[in-house]
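Everything on this sheet refers to the single structure shown next.
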Amino acid sequence: DTAVSQTPKYLVTQMGNDKSIKCEQNLGHDTMYWYKQDSKKFLKIMFSYNNKELIINETVPNRFSPKSPDKAHLNLHINSLELGDSAVYFCASSQAHTGPYEQYFGPGTRLTVT
Amino acid sequence: AQSVTQLGSHVSVSEGALVLLRCNYSSSVPPYLFWYVQYPNQGLQLLLKYTSAATLVKGINGFEAEFKKSETSFHLTKPSAHMSDAAEYFCAVSDSGGGKLIFGQGTELSVKP
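Chains as they are written, first to last, in the working numbering: chain A, 1 to 114; chain B, 1001 to 1113.
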């Protein structure tokens, strides 16, 4: 009964391909996030959804398109993958997007673009 | 704009010694502050959080942190390090707008036997 789950855990693909990462939370939270962790372990927000509505789009290239079919799921689709997209992508959720609520993180998806 | 600075990208202590990981923040509004731990090849786990209640916050695994507004600091401490504490530690501030977390650069803690 994992709180925040992501699939796949590892993703190896070639430049130019399109891939998706899926995220699900069973905590009943309203808000979900995507973060990118680069090779130096720096974490940066990419997107945030609250009740299926996009509330944060942090100047991410439009090759990245999040989709939230319902408030328990937030998927990330990446078109035309580039070498620089190689990173670990973390999904997270919180009770709400305002207030003193911690975020719960998934195990991460390690994307390697060759 | 809010920001977080963690002093020291790598800290090494002996088992049983005091752990001190430094975090300074910048925020124009009263902040919500968090410490997360990341073990190798895993996600982030919340250690503790400050939400404007008590300034000394106790977390899991014997960690605690003290919020000092005058110093804009939120340093993480543990009286006695254990080998299992070896991990990457992240300090973060919650953005007052959309709730995103703004992370520091991380501090890798090594524990020597």
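Where is the CB? At the ideal position from N, CA and C, for every residue including glycine.
Note that the coordinates shown come from a computational prediction; the quantities given were computed from them, not determined experimentally.
Asked: Got a sec: is the Cβ-Cβ distance from Gly1008/B to anything in chain A below 9 Å?; Found: no
Asked: Where Pro69/A and Ser86/A are concerned, what is the direct C-alpha to C-alpha distance, given to the nearest angstrom?; Found: 26 Å
Asked: Going by beta carbon distance, what residues of the same chain come within less than 6 Å of Lys44/A, once the five residues before and after it are set aside?; Found: Lys36
Asked: According to DSSP, is Leu83/A part of a helix, a strand, or is it coil?; Found: helix
Asked: Assuming Gly1043/B and Gly108/A make a contact with CB atoms under 8 Å, what is their CB distance in whole Å?; Found: 5 Å
Asked: 9 Å is my cut-off, CB to CB: does Gly99/A come that close to chain B?; Found: yes
Asked: Cutting at 6 Å between CB atoms, please list the residues of its own chain near Phe64/A, excluding the five before and the five after it.; Found: Ile78
Asked: Which residues does DSSP list as the beta-bridge partners of Leu1076/B?; Found: Leu1021/B, Ala1065/B
Asked: Ends of the beta strand (DSSP E) at Ser1003/B?; Found: 1003-1007
Asked: Roughly how far, in whole angstroms, is the beta-carbon of Gly1106/B from the beta-carbon of Thr1005/B, given that I think they are within contact range, below 8 Å?; Found: Contact flag wrong, Cβ pair sits at about 11 Å.
Asked: Could you compute how far the alpha carbon of Lys1100/B sits from the alpha carbon of Ala1081/B?; Found: 31 Å
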